[in-house]
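K.L.:
Just passing along the structure, written as structure tokens.
There are 2 protein chains.
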Amino acid sequence: MQKKGHMTLPVEVGQEEVVLDLYKRWQADALRDSDGTSMPDSLAQQDCDIYSVMCLVRADQDFANAHPEYLHRKYLMSFPVTAMGTSVTLSPLKGYSADKYELDDDSDPHTWWEVRNRTTNTVIDKAEWHFDPESSTVEVCNTTPYHEYTVTFMARQVWDSVSMYNALTNDWKGPRIKSLDPYHPACREHLIKHFAHWLETHPNTSVVRFTTFAFLFVIDTGDKNQDIYRDWTGYGETVSPRALQDFEAEYGYALTPEDFVDSGYYNGTYKVPSKRYQDWMTFVQRFVVDFAAELVKMAHDAGKKTAMFQGDHWIGTEPFLKSYQEIGLDINIGAVEDGVALRRLTDSGGDQIREARFYPYFFPDVFQAGNDPVIESMSNWVKIRRAMLQKPLDRIGYGGYLSLANQFPHFIDHVTEISNEFGKYLTQTQRTESQKLPGKIAVLNAWGKSRSWLQNQARDQRFYVPPRPDVMEFVGNNLLECLAGLPFDVEFISFDDVRENGISDDIKVIINTGDANSAWSGGEHWGDGDILVALRQFVANGGGLLGVTDPSAHQQNGRFFQLGDILGLEKETALTMGRVAMPVSLDTEHYLSKALSGREDFGNNSYVYPQADDLSVIHAAGQHLALTAREYGNGRASYLANLPYSQENARILQHILIWLSQEETKQHCWLSDNPYVDVAYYPKTDNVAIVNSSDEKQEVTLLNNKFETVSVTLSPFEWTWLN
Amino acid sequence: MQKKGHMTLPVEVGQEEVVLDLYKRWQADALRDSDGTSMPDSLAQQDCDIYSVMCLVRADQDFANAHPEYLHRKYLMSFPVTAMGTSVTLSPLKGYSADKYELDDDSDPHTWWEVRNRTTNTVIDKAEWHFDPESSTVEVCNTTPYHEYTVTFMARQVWDSVSMYNALTNDWKGPRIKSLDPYHPACREHLIKHFAHWLETHPNTSVVRFTTFAFLFVIDTGDKNQDIYRDWTGYGETVSPRALQDFEAEYGYALTPEDFVDSGYYNGTYKVPSKRYQDWMTFVQRFVVDFAAELVKMAHDAGKKTAMFQGDHWIGTEPFLKSYQEIGLDINIGAVEDGVALRRLTDSGGDQIREARFYPYFFPDVFQAGNDPVIESMSNWVKIRRAMLQKPLDRIGYGGYLSLANQFPHFIDHVTEISNEFGKYLTQTQRTESQKLPGKIAVLNAWGKSRSWLQNQARDQRFYVPPRPDVMEFVGNNLLECLAGLPFDVEFISFDDVRENGISDDIKVIINTGDANSAWSGGEHWGDGDILVALRQFVANGGGLLGVTDPSAHQQNGRFFQLGDILGLEKETALTMGRVAMPVSLDTEHYLSKALSGREDFGNNSYVYPQADDLSVIHAAGQHLALTAREYGNGRASYLANLPYSQENARILQHILIWLSQEETKQHCWLSDNPYVDVAYYPKTDNVAIVNSSDEKQEVTLLNNKFETVSVTLSPFEWTWLN
């Protein structure tokens, strides 16, 4: 077998021939087992990289069954109950999955639980309630009739969310897996021993693929075993009494159950994080990095490389965290469904190898008679390709059952083509970076760098029932997907960054995009005058500001948009309905007006109206502003109602960023003017990538390095190279 | 001339014959002059009621010109200016109409003005700014760069808004009228004398038609003489230093300029009023009632009746105020464009005669070649008729130039028909009230009774550019228009009513309808646990709750809809996006599901999702809930996304209210099941009105008093009577 490929393939017992055939056709160079498959002996002997999955916290079920006190715990808030008299009975687990959760009888309720009156938001004195272990209920006395009450309790998780998902969705058989919490020293010690033994007994393994280290992202499950809450980057499942005590000793204050359940909002990543919650995250990250680094060192000492899959128990080891590099991993593997997910993989720091695990998995939900898996794959690949042009990707891979994929020859050919294109990309780019337009683009939100390229959820998300519940699909404001494939340097900054370090000189445009009161828009951060001063100064001195949906939204001091003075507009939130509506008139002579194709989609009605005479309205939906432009001091500002991903929207975003950077009158080589064609120039190899994202023939006219005109015609979906 | 009619007509000099002709054909019994016309001597001698317009504060322009210190004043906030350094110059009137406003040089700036940093919302010490009368600017020193500053200043109004409107819109010639503020004793004394003289010199006048007494509603005007802010019921133009000083003496605290400009929101009626602003309103009302009562007494003493037109300078004399009856007026006249406006006229207390002044005015904006004035009139009449069935109306009337109307014979016939129908209505009803369904419907908002039947503005209003700027047209949540023609007793209650008196036993259903944070929904009132308890108790004990758009909306304690526990749902405000969307399933067996015609319009996407297993979803737009139903204790609750007026929407509202009243299984006589047909039964005269609101033939099947089936067929727009 060759060792020259660039793809990791899953193995399948009894399907060795299929595996070996596809290994060659798809230019693979590594094999891996996974949760659902194990490595056949014949393949384990091959001269290729052998990835072996290691999820240590799920690895020893005998130990997990013997030690319920080491299982993962979490704070859950009981669903509110209205007192109809002067006492009320709360059943903590009512509404939650009985298969997944138990009351944690290792955490004394009067020490670790909290009862609240949710109508007055007051904590009920411990003398006013007691827990009855017989009935598993909490009796609250002296209640106020018609007030709502909750108990926040510590639940023990007796079924790992991933195991549960595979059993219920993919019909996997086998025992219900439990996850252990390595925060407990005795548990950690046992797991370390287990891992040492594993290393000894896996001589053929060349790469330990961690899936992952300690704590799962958040999935809350309802009493019909349905998902009721998901937060792929949530820290809700990292809690134990021991960790809380250590936190208090270290930080000098105690976290309360309310810090975790957060009135029932559970600190969703889309929420502006509190200082206390951020402290907890830092505390957890320190522990997980220490634990993970110990495992990685053991693997290295055993002569093996290490890879981390960005998912499952990855909390605390998100690659954009500074502390991530202390772990010492060799390979980052990310599940990549679109351009944003790819940039989340490729843009983090460090010199790890980046490997993209593509969708769809070869599972029966997609690979079934009557379904064409190429449709989903191609839709993903079109988005991934244009993002790949911006930052180097090293490897690709797939998951699932190859025998299943093999029943779809059309799909096999399609992946062969993907792998060919990817191989050519590696050759032509030599893993170097493509040329960017001048000036860095910064996305400003409450998380900054730590949540770089995390698709910002929007309100519409809640009303979207995805065709496949396991694939993250974001609806609403997908500006990041547009941005993922554009030739700009992008970084993510937080309000704390601005407060502590100001705005870096190399930043030319700041984007603030998201729903009001979300972490993406920034919520209460916009109540800080110092932030407003920094942004106003930045624009007045020549910077560009792009506000999308609810930029700088925070109701205060007569404004909803706190930077409405720069943007020249305001959102109607039922406080200004008496301001007389004047017909909006379009500025048809503006650079951006001329850049419109007419096929852009600016989303729903914005409820935003002009508040400056010198505002240029580029597009409006009726009287609702959709795209505007305005000068402010030496700088410029633009408002966008929304920007769901499409090639037309990506191209208008490029024009907006160029205009905001005041680069619109300059000539730029290798810049595409065709919405459906993306172009990247690689100065180190002097090669040019040209990609057609449409299913029609396209022509694009470009300026080469000497500013001479070059025209290229591409067939549908073609990816070509100029040298 | 007959004195048996029921209509007031405007006169027109030189058109006496036209007037007399229409007087007969339209069954008039009264003539009136108005702002734009005066009474010809020949008509003033007729044996009919002669209405003479009296707007005392605009009546003596010589006095107004001689006494600028008595002109109407108001607080305006200068448009915010960003300090680019450590000082900033504010030009108070910049952006405001130079024809309308002057700086009030009778109000010392350092006593009556206020400079604020709007970024920190702090008052700037008077030592840090000074006003330069030469340049009419305010210099602020020691400013923070990139903070915004405003000065709130007292402006003198040198052009009355109505005079300005007629000059600019209707091209009226003549001098710019100024309005006097009778709060000043010397000014009041002069006006009283003027009025005494006027009474003496108007012997033919039988009815003094006040238009109106002291203070105009709010119209703010921009520097292009365009309306920039309108509040038909706003108290912004009632301010003077003297009144503010008296207020302080009486209430024990001083109001500040900020109490009036309100961060630039100007206490719009759609905003939840502050206690301080409500105190000011009460203070103003007391003064205006006293002044108006003095004028009314003078008129009565002179042997004349008095009428008040609900408009122009009507602030403080709104008929739903308890103090209104102290004025002693004989006739209320309301401008009526729809059913809500009619109910605003007919539903107030007291035994005044109610006269509806219909649109359109006979002015050239509507009565011009190529335009059909019947279209607007018929659209209004259809809405007014069904509302007229619910509460007695006594008289009707028109305004404008009869000679202009006379050029549209089709319109003359149309009004003849309206007047015939109205005459028959008076005969058949004998001014008695029609039968209602059991149980009172209460509309709960921040204003209660004082703003009864005031159409609740919604966010969409701001994005609606009306075809004619002078006609109030409300868009968005028009549930009140649907309700105006339904056979229910309706009253408006406030949160203060609920706090002080609880919920009256005769109330069967409470409606809370409006945008979040508006006075209509209630805003911070929903933060009061006592309100929540009162509502929960009301429903648990058998009441009905109808929530529309943003009912009980107030972000607090884990809920946006504070009564989400009753309604069984929640609105997505970017705080719960991680809650997993489950496909909404419709309850097709519900009484309300069977009542749907499929032609209802529930407005925009609601962003509301289910939060209770036992919620019946009657209608949804995708996953956005549009109409739901749920039991709570012994009561019921329903949510409606929105309910713009249409006959289908009015009929589904009837079904919702019947279901919430738990009356759906009982038989009700004379209840229409046809959306396009409204029916009213008058028990005192034993007559039944049946109205077809559609332009098609309709059939309706009814139960008579003996619960026997009666079928009636109506031609398009027909109004028929059964005896």
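Chains as they are written, first to last, in my numbering: chain Y, 4 to 726; chain F, 4 to 726.
Idealized CB from N, CA, C, for every residue including glycine.
1. Return the residues of the stretch 528–551 of chain F that lie within a Cβ-Cβ distance of less than 9 Å from chain Y, sorted by chain order.
2. Do Y/F156 and Y/P206 have their CB atoms nearer than 8 Å?
3. Answer with buried or exposed for Y/K278, where buried requires no fewer than 16 other C-beta atoms within 10 angstroms of its C-beta.
4. Is there a Cβ from chain Y that is less than 8 Å from the Cβ of F/R465?
5. What residues from chain F crowd round Y/D230, counting only those whose CB sits closer than 8 Å?
6. To the nearest angstrom, how far is the alpha carbon of F/W384 from that of F/I330?
7. For Y/L572 versus Y/L660, is the C-beta spacing smaller than 8 Å?
8. On a CA-only basis, which of Y/K97, Y/R454 and Y/N708 is nearest Y/K274? Give me that one, please.
9. Determine which residues of the stretch 147–170 of chain F have a Cβ less than 8 Å from any Cβ of chain Y, and write them out in chain order.
10. Report yes if the CB atom of Y/H622 is closer than 8 Å to the CB atom of Y/L656, and no otherwise.
11. Can you confirm whether F/Q460, when its beta carbon is compared against all beta carbons of chain Y, has any partner nearer than 8 Å?
12. Output the residue ranges of the beta strand (DSSP E) runs that lie fully inside the stretch 581–611 of chain Y and measure 3 residues or longer, sorted by chain position.
13. In chain order, what residues of the same chain have a beta carbon less than 8 Å from the beta carbon of F/C58, not counting five sequence neighbours either side?
14. Would you mind stating whether F/K394 and F/R471 have Cβ atoms separated by less than 8 Å?
15. Is any beta-carbon of chain Y found at less than 8 Å from that of F/V385?
16. Which partner residues does Y/M57 have in the DSSP bridge list?
17. For Y/D333, which option in Y/Y254, Y/L298, Y/A170 and Y/A624 has the closest C-alpha, if you only look at C-alpha atoms?
18. Taking the runs of the alpha helix (DSSP H) that are 4 residues or longer, which of them lie wholly in the stretch 264–338 of chain Y?
19. On a CA-only basis, which of F/Q328, F/K308 and F/G267 is nearest F/Q288? Give me that one, please.
20. Apply the 10 Å Cβ neighbour rule to F/E20 and answer buried if 16 or more other Cβ atoms are within range, or exposed otherwise.
21. Mind pulling the chain Y residues with CB within less than 8 Å of F/P83?
22. Give me the residue from Y/G8, Y/T349, Y/Y238 and Y/Q410 with the minimum Cα distance to Y/D52.
23. When DSSP builds the beta bridges, which residues end up paired with Y/N481?
24. Could you check where the alpha helix (DSSP H) with Y/I569 kicks off and where it finishes?
25. Kindly confirm or deny that the stretch 222–232 of chain Y and the stretch 524–535 of chain F touch, where touching means at least three C-beta pairs closer than 8 Å.
26. Buried or exposed: which applies to F/L219, given that a residue is buried once 16 or more other Cβ atoms fall within 10 Å of its Cβ?
27. What first and last residue would you give for the alpha helix (DSSP H) that runs through Y/H413?
28. Would you check if the distance between the CB atom of F/N448 and the CB atom of F/S497 is smaller than 8 Å?
29. Is Y/Q5 helix, strand or coil by DSSP?
30. From the DSSP secondary-structure annotation, give me the bridge partner or partners of F/P613.
31. Should F/N707 be labelled buried (16 or more other beta-carbon atoms within 10 Å of its own) or exposed?
32. Closest by CA to Y/Q558, which one among Y/Q49, Y/W456, Y/A632 and Y/A519?
33. Any Cβ of chain A within less than 8 Å of the Cβ of F/Y273?
34. Looking at the strands, I want to know which residues DSSP matches up with Y/D135.
35. Here's the rule: buried if 16 or more other CB atoms are within 10 angstroms of the residue's CB, otherwise exposed. What is F/H75?
36. Can a CB atom of chain Y be found closer than 8 Å to the CB of F/S100?
P.N.:
Taking the coordinates as given:
1. G532, L535, V536, A537, L538, R539, Q540 and A543
2. For the purposes of this step, residue 156 of chain Y is taken as residue 153 along the first sequence, with counting starting at 1. For the purposes of this step, residue 206 of chain Y is taken as residue 203 along the first sequence, with counting starting at 1. No.
3. As a working note, residue 278 of chain Y is residue 275 in the first sequence. By the 10 Å Cβ count, Y/K278 comes out exposed.
4. Locating residue 465 of chain F in the second sequence gives position 462, where the first residue counts as 1. Answer yes: the Cβ-Cβ gap between F/R465 and chain Y drops below 8 Å somewhere.
5. Position 227 of the first sequence holds residue 230 of chain Y. By Cβ distance, chain F contributes V583.
6. On the second sequence, residue 384 of chain F is found 381 positions in, with the first residue counted as 1. On the second sequence, residue 330 of chain F is found 327 positions in, with the first residue counted as 1. If you take the alpha carbons of F/W384 and F/I330, they lie about 31 Å apart.
7. Sequence index remark: in the first sequence, residue 572 of chain Y carries index 569 (1-based). Sequence index remark: in the first sequence, residue 660 of chain Y carries index 657 (1-based). No, the pair does not count as a contact, with Cβ atoms beyond the cut-off.
8. Stepping through the first sequence from its first residue, residue 274 of chain Y is reached at position 271. Considering only alpha carbons, the answer is Y/R454.
9. T147, P148, Y149, H150 and E151
10. Position 619 of the first sequence, counted from the first residue, corresponds to residue 622 of chain Y. Position 653 of the first sequence, counted from the first residue, corresponds to residue 656 of chain Y. No, they are not a contact pair.
11. Walking along the second sequence from the start, residue 460 of chain F turns up at place 457. For F/Q460, the answer is yes, since a Cβ of chain Y falls inside 8 Å of its Cβ.
12. none
13. Working through the second sequence from its first residue, we reach residue 58 of chain F at position 55. Closer than 8 Å at Cβ, skipping near neighbours: D38, F213, T214, T215, D315 and H316.
14. In the second sequence, the residue the question calls residue 394 of chain F occupies position 391. In the second sequence, the residue the question calls residue 471 of chain F occupies position 468. The answer is no: Cβ separation not under 8 Å.
15. As a working mapping, residue 385 of chain F is identified with position 382 in the second sequence. Closer than 8 Å: no.
16. By one-based count along the first sequence, residue 57 of chain Y stands at place 54. DSSP output for Y/M57 lists Y/F213 as bridge partner(s).
17. In the first sequence, residue 333 of chain Y corresponds to position 330, counting from 1. Y/D333 has its Cα closest to that of Y/L298, out of Y/Y254, Y/L298, Y/A170 and Y/A624.
18. 278–304
19. Taking the first residue of the second sequence as 1, we reach residue 288 of chain F at position 285. Closest by alpha carbon: F/Q328.
20. Sequence index remark: in the second sequence, residue 20 of chain F carries index 17 (1-based). By the 10 Å Cβ count, F/E20 comes out exposed.
21. Against the second sequence, residue 83 of chain F aligns to sequence position 80. Those within 8 Å of F/P83 in chain Y are G561 and D568.
22. Within the first sequence, the letter at position 49 stands for residue 52 of chain Y. Closest by alpha carbon: Y/G8.
23. Position 478 of the first sequence, counting from 1, holds the residue named residue 481 of chain Y. In DSSP, Y/N481 forms no bridge with anything.
24. For the purposes of this step, residue 569 of chain Y is taken as residue 566 along the first sequence, with counting starting at 1. Its alpha helix (DSSP H) spans residues G567 to L570.
25. no
26. In the second sequence, the residue the question calls residue 219 of chain F occupies position 216. Buried, since its Cβ has 16 or more Cβ neighbours within 10 Å.
27. Position 410 of the first sequence holds residue 413 of chain Y. Per DSSP, Y/H413 belongs to the alpha helix (DSSP H) from P412 to T432.
28. Taking the second sequence and counting its residues from 1, the one referred to as residue 448 of chain F is at position 445. Taking the second sequence and counting its residues from 1, the one referred to as residue 497 of chain F is at position 494. For F/N448 and F/S497, yes; Cβs fall inside 8 Å.
29. As a working mapping, residue 5 of chain Y is identified with position 2 in the first sequence. In this prediction, Y/Q5 has a pLDDT of 49, which is less than 50 and means its spatial position is unreliable; nothing more can be read from the coordinates.
30. The count along the second sequence starts at 1 and reaches residue 613 of chain F at position 610. Looking at the DSSP assignment, F/P613 forms a beta bridge with F/L572.
31. For this step, residue 707 of chain F is matched to residue 704 along the second sequence. Answer is exposed; the Cβ neighbour count stays below 16.
32. Numbered from its first residue, the first sequence carries residue 558 of chain Y at position 555. The candidate whose alpha carbon is nearest that of Y/Q558 is Y/A519.
33. Considering every chain present, this structure includes no chain A. Its protein chains are Y and F.
34. Against the first sequence, residue 135 of chain Y aligns to sequence position 132. Its beta-bridge partners are Y/T140.
35. In the second sequence, the residue the question calls residue 75 of chain F occupies position 72. Classification for F/H75: buried.
36. By 1-based counting over the second sequence, the position of residue 100 of chain F is 97. No, no contact with chain Y.
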